[in-house]
Amino acid sequence: MADDQTDRHAWLVPGAFEVAPGVHRIPLPLPMDGLRAVNVYAIETGGGLVMIDSGWALEVAERQLEQALGAIGYEFGDIQRFLVTHIHRDHYTLAISLRRVYGTKVALGIGEQPSLERTMTRRLDGQARQMVRWGAEPLVKRWAETFGEREGGGDRYEEPDEWLDGTTAIDVGDRTLTAVPTPGHTLGHVVFVDERAGVLFAGDHVLPNITPSIGFQPEPAKLPLRDYLDSLHLVRSYPDLRLLPAHGPVTASTHARVDELLAHHEERLAESLGAVRDGAATAYEAARRLGWTRRHTSFDDLDLFNQTLAAGETAAHLDVLVLRGELSSSSVDGAGGLVEYRLTQPPAS
Ligand SMILES: [Zn+2]
Numbered sequence: 003m004a005d006d007q008t009d010r011h012a013w014l015v016p017g018a019f020e021v022a023p024g025v026h027r028i029p030l031p032l033p034m035d036g037l038r039a040v041n042v043y044a045i046e047t048g049g050g051l052v053m054i055d056s057g058w059a060l061e062v063a064e065r066q067l068e069q070a071l072g073a074i075g076y077e078f079g080d081i082q083r084f085l086v087t088h089i090h091r092d093h094y095t096l097a098i099s100l101r102r103v104y105g106t107k108v109a110l111g112i113g114e115q116p117s118l119e120r121t122m123t124r125r126l127d128g129q130a131r132q133m134v135r136w137g138a139e140p141l142v143k144r145w146a147e148t149f150g151e152r153e154g155g156g157d158r159y160e161e162p163d164e165w166l167d168g169t170t171a172i173d174v175g176d177r178t179l180t181a182v183p184t185p186g187h188t189l190g191h192v193v194f195v196d197e198r199a200g201v202l203f204a205g206d207h208v209l210p211n212i213t214p215s216i217g218f219q220p221e222p223a224k225l226p227l228r229d230y231l232d233s234l235h236l237v238r239s240y241p242d243l244r245l246l247p248a249h250g251p252v253t254a255s256t257h258a259r260v261d262e263l264l265a266h267h268e269e270r271l272a273e274s275l276g277a278v279r280d281g282a283a284t285a286y287e288a289a290r291r292l293g294w295t296r297r298h299t300s301f302d303d304l305d306l307f308n309q310t311l312a313a314g315e316t317a318a319h320l321d322v323l324v325l326r327g328e329l330s331s332s333s334v335d336g337a338g339g340l341v342e343y344r345l346t347q348p349p350a351s
């Protein structure tokens, strides 16, 4: 089947789509409105398959994966290994449920270890402490009200068989993938480079149509946007490759998209600085002054989950402005408590 990209939603159509010789893109459903689907990639090795990411452990996703593999002549038992880009449940959890049945090996970036530990032991207070730091008390209150209705999902998580540590070469049949740590979206995010095939398995690090969330994870990162921008520059230092993202269609150029993402964050840094100049003192106050999503939705029109992401993103931008010397903050080490920001240079009158 050809990979039809003419329509914006064409990438959601179920199936297995060959995007490079022996590499198949398989979209799987997600139970949220926003993202709609996650792409997993099946790589033929001669003796079976290696998968990049697995999908969310949902019955409907498992069935759709089974059908897609069937269409290219494989079944679950043929999967030799899952290489997972990061810990988020739409990437990691189906690998864990399939391992329980088939014994499939699962690999994950070592930077995810603290977040995995927190998830498995249900120590999920890290985000709440972060919200206090952002001045987002109203969000803490609303999360507390909904707490208990939301399933923690700790039982979906187990340790991987293998931790990917540093930049590593991985043999997959007769090809070699390079696992490259790209912290930012999460602390342990990893992308996989196949230079010979000219493709990048980008996970959520570089997405074609949306900007990935920054640092949403159980173990808070100190400077997630600084990490993320560094990781974008790192990917930019590899040859220009076809972008095989976890969400959205396959596109022609990693370099082109990385450049757009870098420009986007410079713009957001300028807007965040502007929000402080206009009187916002905390990340939460600044977030409420900014527009969100491509449509510049107001903060109050976002749901609780997206308001939390938005406040966190704003904090990440303000912290980079502190790092650049454009802002100063009441607490530089992020060691708990509310953080307030102010201009290092008073505004010209
Ligand atoms: Zn994702």
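Counting the sequence shown from 1 gives a position; the working numbering is that position plus 2. Note that the Cβ used here is the ideal one computed from N, Cα and C, for glycine as well.
On the DSSP bridge list, what partners appear for residue i?
{"i": "Leu-14", "result": "For Leu-14, which the question treats as bridged, DSSP gives no partner whatsoever."}
{"i": "Pro-183", "result": "Val-192"}
{"i": "Glu-20", "result": "His-26"}
{"i": "Ala-39", "result": "Pro-31"}
{"i": "Gly-2", "result": "Nothing in the structure corresponds to residue 2, since the chain is present only between 3 and 351."}
{"i": "Met-133", "result": "DSSP output for Met-133 lists no bridge partner at all."}
Kindly examine ligand 1 and report whether one of its heavy atoms sits closer than 7 Å to the Cβ of residue i.
{"i": "Ala-97", "result": "no"}
{"i": "Val-40", "result": "yes"}
{"i": "Ala-248", "result": "yes"}
{"i": "His-191", "result": "no"}
{"i": "His-93", "result": "yes"}
{"i": "His-11", "result": "no"}
{"i": "His-207", "result": "no"}
{"i": "His-319", "result": "no"}
{"i": "His-298", "result": "no"}
{"i": "Asp-235", "result": "Note on identity: in this sequence residue 235 is His, with Asp being the wrong assignment. No, ligand 1 has no heavy atom inside 7 Å of this Cβ."}
{"i": "His-90", "result": "yes"}
Is it buried or exposed, residue i, if we count other Cβ atoms within 10 angstroms and call 16 or more buried?
{"i": "His-11", "result": "exposed"}
{"i": "Asn-211", "result": "exposed"}
{"i": "His-26", "result": "buried"}
{"i": "Glu-315", "result": "buried"}
{"i": "Leu-306", "result": "exposed"}
{"i": "Asp-206", "result": "buried"}
{"i": "Pro-33", "result": "exposed"}
{"i": "Pro-140", "result": "exposed"}
{"i": "Arg-259", "result": "buried"}
Give the single residue among the options whose Cα lies nearest to the Cα of residue i.
{"i": "Gln-69", "options": "Ile-28, Glu-139, Asn-308", "result": "Ile-28"}
{"i": "Thr-180", "options": "Tyr-159, Thr-253, Val-237, Pro-214", "result": "Val-237"}
{"i": "His-88", "options": "Lys-224, Ala-130, Asp-196, Pro-162", "result": "Pro-162"}
{"i": "Thr-170", "options": "Gly-186, Asp-196, Glu-160", "result": "Asp-196"}
{"i": "Asp-173", "options": "Tyr-43, Gly-186, Phe-194", "result": "Phe-194"}
{"i": "Leu-246", "options": "Ala-73, Val-201, Val-260", "result": "Val-201"}
Could you tell me whether the stretch 181–200 touches the stretch 100–119, using the rule of 3 or more Cβ pairs below 8 Å?
-> They touch, by the three-pair rule.
If you pair each beta-carbon of the stretch 99–109 with each one of the stretch 124–140, do three or more pairs fall below 8 Å?
-> Flag = no, the stretch 99–109 and the stretch 124–140 do not touch.
Hey, is the stretch 259–277 in contact with the stretch 218–226, meaning 3+ C-beta pairs nearer than 8 Å?
-> Verdict: no, contact absent.
Quick check: the stretch 267–284 against the stretch 317–324, are there 3 or more CB pairs under 8 Å?
-> Yes, since at least three Cβ pairs between the stretch 267–284 and the stretch 317–324 fall closer than 8 Å, the two stretches touch.
Check whether the stretch 90–99 touches the stretch 44–59, counting contact only when three or more Cβ pairs, one atom from each stretch, lie closer than 8 Å.
-> Look at the beta carbons and you see the stretch 90–99 touching the stretch 44–59: at least three pairs across the two are nearer than 8 Å.
Does the pairing of the stretch 226–245 with the stretch 139–147 give three or more beta-carbon distances under 8 Å?
-> Counting Cβ pairs under 8 Å, fewer than three are found: no touch.
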